[in-house]
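Have a look at the structure below before the remarks.
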Amino acid sequence: MGDWWLLGFVIACGFTASGLLAGIHRAATASAPSFRLYLHSPLAIAWSLAICMFGGPYLVISQGWHFFANGNLRASALGLLAGLSVIWSFCSGVFVVELLMLLNVIQIRM
């Protein structure tokens, strides 16, 4: 049973990091986060790459829900987007949990 809790924890960490990064972007730039790369400075390149890599699960779900609520997306497509978001959250969650373990912020015992 412990492996399933760990899986849920990793997915939750990935999606939480995604939402936090999108919120920080919205607060810092006063614009909605998107999958757009900004190439006008090295800092803008790094920030937009971070948004694209780690903010993706939140962006996929929020845009999918927006289109679904407006009637432009079917429920089956929204389900596929939710599945994509879960898988993407797992991948970024593994990175976040490994980073937190490397910094000795958390310890996971198996």
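Each residue of the sequence shown is one higher than the one before, starting from 1309 at the first, in my numbering. Glycine is no exception: its CB is placed at the ideal position from the N, C-alpha and C atoms.
C-beta atoms of residue i and residue j nearer than 8 Å
| i | j | result |
| --- | --- | --- |
| Val1308 | Ala1338 | Missing from the structure shown is residue 1308; the chain here goes from 1309 to 1418 and no further. |
| Leu1314 | Ile1414 | no |
| Phe1398 | Gly1331 | no |
| Thr1367 | Pro1350 | Per the sequence presented here, residue 1367 reads as Leu, with Thr not at that position. Against a cut-off of 8 Å, the Cβ pair of Pro1350 and Leu1367 comes out as no contact. |
Straight-line gap, residue i to residue j (C-alpha atoms, nearest Å)
| i | j | result |
| --- | --- | --- |
| Leu1389 | Leu1411 | 32 Å |
| Gly1363 | Leu1329 | 6 Å |
| Met1409 | Ser1400 | 14 Å |
| Asp1311 | Gln1371 | 31 Å |
| Phe1376 | Phe1317 | 28 Å |
| Ala1358 | His1374 | 23 Å |
| Leu1407 | Ala1385 | 33 Å |
| Gly1391 | Ala1320 | 14 Å |
Reference residue i, options the options, closest by Cα
| i | options | result |
| --- | --- | --- |
| Phe1343 | Leu1328, Pro1350, Gly1322 and Pro1365 | Pro1365 |
| Cys1360 | Ser1349, Val1402, Trp1313 and Leu1345 | Leu1345 |
| Gly1327 | Leu1347, Ile1369, Leu1314 and Leu1386 | Ile1369 |
Residue range of the unbroken alpha helix (DSSP H) whose run includes residue i
| i | result |
| --- | --- |
| Tyr1346 | Run containing Tyr1346: none; DSSP gives neither H nor E here. |
| Ala1335 | Gly1310 to Thr1337 |
| Leu1410 | Ala1383 to Leu1410 |
Practice task
Would you be able to state if there are at least three C-beta pairs under 8 Å between the stretch 1343-1363 and the stretch 1380-1395?
Solution key: Judged by Cβ distances under 8 Å, the stretch 1380-1395 makes no contact with the stretch 1343-1363, as fewer than three pairs qualify.
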